[in-house]
Each structure stands twice: as structure tokens, then as C-alpha cells.
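Have a look at the structure below, then the notes.
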Amino acid sequence: MSSASRERIGWRRSGLSSANPEICPLSRSVGGAPCGGRDEVADHGRSEVTSVAGRIASLLAGGVPAHRAFGALASEEGADPEVVRIAGEIAAGQGIAIALSAGPGPEWRVFGAAWSLAEGSGAPLAVSLERIAASLVRLSEVAQRRAVLLSGPVATIRTVIALPPLALAMGWLLGFDPFRVLFGEWGWVLLLIGFTLLLAGNAWGRALIRGAVGPRSVSGLEFDLAEIALGGGASAAVIRRRIADAVDSAGAEWIRFDALADCAPLSRLLASARATGAPMGDLLAAESRQRVAASLSEMERSCEKLGVRILVPICVCVLPSFVVIGVAPVVVSMLAGY
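Under this note's numbering, think of the first position of the sequence shown as 12, with each following residue one higher.
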């Protein structure tokens with residue numbers, strides 16, 4: 012029996028959802044271009060969901076029915092294609108939470124989980140959407156800060172990787188012929204060693220960057236969803252079950268299912284609030300903000316360490332590759348008079 016199957020059985024026995032507990036990434040960019048490309052697309056998608064959630068919340072607060080609110084956004088000039096798709100599915104009779112959860116990014120599935128939870132618990136939709144929009148704004152700020160912190164190490168590794176071909180070009184411009192050495196009798200040995208070191212340094216640097224980014228789960232969203240469930244009058248005993256069901260139905264991979272376990276911080280906070288009579292809503296909101304701030308602090312520390320650790324693959328792999336591919340052929344061509 013696999014570990015995933017055992018965990019699903021455990022969730023069934025605990026009375027919670029049997030959803031897939033696997034954790035998916037917050038950002039898919041690290042394997043490629045950590046500070047661009049996919050990251051920019053992810054940030055745009057997150058800001059788009061935040062904008063849609065905020066505007067839908069305003070329309071709902073003004074008394075506009077939910078299906079008409081999405082239709083109004085979709086009818087605007089230059090409307091986002093995803094909003095148009097959602098409005099079309101709602102008009103065709105699809106459930107709003109299901110239509111939202113079918114979006115292209117994990118932030119849409121968080122939106123769908125929040126909507127499903129608000130509908131299922133009877134919480135005011137407008138207030139619930141405002142809360143989840145505020146959470147996505149905080150996540151967007153963390154993602155932007157991460158991109159800034161990683162830009163220095165990423166630029167460093169890219170710059171030094173470009174040194175070997177630049178050295179060859181410089182030698183050729185100075186009147187030497189390093190390419191004659193590289194493509195000569197023993198040049199393939201230099202190329203093999205140099206490119207092996209270069210690829211190893213590149214892979215090593217990317218691995219360090221992935222490690223600096225840290226866990227790909229999003230800390231604190233379970234507290235925001237608990238606040239939504241609490242707004243519908245749910246008791247502490249059923250809040251976690253409702254969150255698990257909503258996350259399961261939406262496929263919201265940003266919320267870890269072990270964050271809803273009996274020994275998790277959310278459970279301890281709910282138990283403490285119930286025992287002391289403290290207002291749960293205020294405690295949940297404060298805990299969510301504190302966890303986002305803690306994630307940001309940890310990320311800053313990791314990126315500061317990365318600035319030093321990135322020098323190791325540069326010194327061990329990239330600079331020797333620069334010497335083998337870029338310097339040695341130029342020196343040999345100078346001595347041989349090529």
C-alpha cells in the first residue's frame with residue numbers, strides 16, 4: 012500500500028476529506044528561469060484572480076446576483092479570457108465553484124475552494140471573497156519579493172556561464188585563432204571537460220536556487236479558509252472538515268491537508284480559542300498574517316545564504332570551465348602562433 016493511500020485512509024478515519032494530500036508548487040519557475048518567464052505569468056495570474064475576486068465581492072455587496080456579476084465582468088471590453096470562460100460555464104448551468112476551480116492556475120482553485128466553502132457554510136460571499144482576495148494580495152507581495160531577492164544570484168550564475176564563449180570571441184577579435192585549437196587533434200578533450208564542468212555548474216546553481224526558494228506550499232491559507240467557515244456559523248469541530256471538503260472538491264493544491272490534522276497549528280488555535288473564549292475570527296486573521304510574514308523572513312534568510320553558496324559552483328565548476336574552454340585555447344593559439 013502506498014503512503015498516499017495510507018494517508019487517505021487516515022483522513023477517512025478522522026472524518027475529514029479523503030483528498031489527495033500531495034503538495035504542489037507555489038511557483039513552477041525554479042527549474043527554468045527563476046525570476047522571469049513562468050514567474051511573470053504566475054504573478055500575472057495571481058493579480059488577475061485578486062482583481063476578479065475583489066470586483067465580484069463589490070458587485071455582490073451591491074446586491075448583484077453572482078451569475079450576473081460574472082457576466083458583467085465578461086461583457087467588458089478587453090475582459091480576461093478566463094473570466095469569459097467562467098461566465099459562459101455559469102450561464103450554461105455549471106456551478107460557480109466548479110467553474111472557478113477549472114482555471115489554469117492554483118490561485119483559481121483557491122478561489123473556487125473559498126467560494127465552495129462560503130456557499131456550503133452559509134458565510135456571506137462578499138465578505139468571504141474580500142478575505143481571500145486580501146490573502147492573494149499578500150501572496151503576490153511575497154512572490155514579488157522572492158523575485159527581487161533571487162535576481163542577484165540568478166544574474167550572477169548567468170553572467171559567469173557566459174564567460175567561456177565571451178573569452179573565445181575576445182581571443183578571436185585580438186587576432187588569435189582559439190577555434191583552431193578547440194577543433195584540432197586534442198580540442199575535443201578541452202570541449203568535453205569544459206562543457207561538462209559548465210553543465211554541472213549550471214545544474215548545481217539551479218539546485219541551490221530551488222533550495223533557497225524553500226517549500227512550495229503556501230502557509231496560512233488554511234487560516235483564511237477557517238475564517239470564512241467561521242463566518243457561516245460553523246463550530247470549531249466542523250470547520251476543518253468543511254475546509255477539507257472544499258479543498259478536495261476544488262483541487263486546491265496550495266493548502267496542505269496535514270495542515271488540517273489534529274496536531275496542526277490550526278487545530279491547536281481553534282481548541283485554544285474555544286477553551287479561552289477568545290474571538291476566533293481575530294485569532295485566525297492574525298495567525299494568517301503572522302505566517303505570511305514568517306515565510307517572508309525565512310525566504311529572505313535563505314536568499315542571503317544563497318548569495319554566498321552560489322560562489323561554490325562558480326569556483327568549482329564554472330570558472331574552471333572558463334579556463335578550459337575560454338583561456339586555454341587562446342593561450343595555446345598565442346604560443347603556437349595561430
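Glycine included, every Cβ here is placed at the ideal spot set by N, Cα and C.
CA-to-CA distance, residue j to residue i, given in whole angstroms
| i | j | result |
| --- | --- | --- |
| alanine 129 | glycine 65 | 15 angstroms |
| glycine 89 | isoleucine 143 | 25 angstroms |
| alanine 211 | phenylalanine 194 | 22 angstroms |
| alanine 68 | glycine 74 | 10 angstroms |
| arginine 79 | alanine 108 | 15 angstroms |
| phenylalanine 190 | leucine 179 | 8 angstroms |
| alanine 154 | alanine 296 | 20 angstroms |
| leucine 71 | valine 159 | 36 angstroms |
| alanine 102 | leucine 208 | 57 angstroms |
| arginine 331 | alanine 347 | Correcting the residue type first, residue 331 is proline in the shown sequence and not arginine. So the alpha carbons of these two residues sit roughly 22 angstroms apart. |
| leucine 147 | glycine 231 | 11 angstroms |
| isoleucine 220 | isoleucine 168 | 10 angstroms |
| glycine 106 | alanine 113 | 11 angstroms |
| isoleucine 97 | leucine 140 | 16 angstroms |
| glycine 244 | aspartate 273 | 21 angstroms |
| lysine 271 | serine 299 | The sequence given here has leucine at residue 271, not lysine. Near 14 angstroms, if we compare the C-alpha coordinates of serine 299 and leucine 271. |
| serine 63 | proline 92 | The residue asked about is misnamed: residue 63 is valine in this sequence, not serine. One C-alpha to the other measures close to 12 angstroms. |
| leucine 202 | alanine 305 | 46 angstroms |
| glycine 205 | tryptophan 199 | 10 angstroms |
| alanine 286 | serine 86 | 50 angstroms |
| proline 36 | arginine 267 | Caution applies to proline 36, whose pLDDT of 34 falls short of 50 and renders its modelled position unreliable; the value that the coordinates give is listed next. Answer to the nearest angstrom: the Cα atoms are 11 angstroms apart. |
| isoleucine 239 | glutamate 100 | 25 angstroms |
| alanine 77 | alanine 145 | 20 angstroms |
| threonine 170 | methionine 291 | 51 angstroms |
| leucine 84 | glycine 104 | 18 angstroms |
| glutamate 152 | glutamate 196 | 55 angstroms |
| valine 41 | arginine 157 | With a pLDDT of 33 at valine 41, under the threshold of 50, the modelled position of this residue cannot be trusted; read the value that follows with caution. C-alpha separation (whole angstroms): 11 angstroms. |
| aspartate 269 | arginine 302 | 16 angstroms |
For residue i, the three-state DSSP class (helix, strand or coil)
| i | result |
| --- | --- |
| phenylalanine 81 | helix |
| tryptophan 199 | helix |
| tryptophan 183 | helix |
| proline 76 | coil |
| phenylalanine 194 | coil |
| serine 246 | coil |
| glutamate 238 | helix |
| serine 151 | helix |
| serine 86 | coil |
| glycine 131 | helix |
| alanine 110 | helix |
| alanine 102 | helix |
| arginine 302 | helix |
| glycine 163 | helix |
| alanine 115 | For the sequence presented, residue 115 should be read as proline rather than alanine. Proline 115 falls in the coil class under three-state DSSP. |
| alanine 263 | coil |
| isoleucine 67 | helix |
| proline 290 | coil |
| arginine 39 | For arginine 39, the pLDDT reaches just 34, beneath the cut-off of 50, and the residue's location in the model is therefore unreliable, although a value from the coordinates is still provided. Coil, per DSSP. |
| glycine 205 | helix |
| glycine 231 | coil |
| alanine 282 | helix |
| cysteine 274 | coil |
| alanine 173 | coil |
| aspartate 256 | helix |
| aspartate 188 | coil |
| isoleucine 321 | coil |
| aspartate 91 | coil |
| tryptophan 126 | helix |
CB-CB length for residue i against residue j, believed under 8 angstroms
| i | j | result |
| --- | --- | --- |
| alanine 223 | serine 308 | Actually they are not in contact, since the Cβ atoms of alanine 223 and serine 308 sit about 14 angstroms apart, beyond 8 angstroms. |
| methionine 345 | phenylalanine 187 | 6 angstroms |
| valine 94 | phenylalanine 81 | 7 angstroms |
| isoleucine 172 | valine 329 | 6 angstroms |
| tryptophan 126 | leucine 150 | 17 angstroms between Cβ atoms; not a contact. |
| proline 115 | tryptophan 265 | The pair is not a contact, with the Cβ atoms about 14 angstroms apart (cut-off 8 angstroms). |
| isoleucine 250 | leucine 241 | 6 angstroms |
| glycine 131 | alanine 257 | 7 angstroms |
| phenylalanine 333 | leucine 174 | 5 angstroms |
| leucine 294 | alanine 284 | 5 angstroms |
Closer than 6 angstroms: residue i CB and nearest the ligand ADP heavy atom
| i | result |
| --- | --- |
| leucine 161 | For the structure depicted, the ligand ADP is absent and the ligand set is empty, with no information on it obtainable. |
### Three CB pairs or more closer than 8 angstroms across the segment 157-168 and the segment 310-321
yes
### Message
Taking contact to mean 3 or more Cβ pairs, one atom from each stretch, closer than 8 angstroms, check whether the segment 324-341 and the segment 214-222 are in contact.
### Response
yes
### Query
Is it true that the segment 260-276 meets the segment 120-127, where meeting means three or more beta-carbon pairs spaced less than 8 angstroms apart?
yes
### Query
Quick one: any contact between the segment 235-243 and the segment 337-344, if contact means 3 or more CB pairs under 8 angstroms?
no
### Query
Do the segment 267-279 and the segment 135-150 meet, that is, are 3 or more Cβ pairs less than 8 angstroms apart?
no
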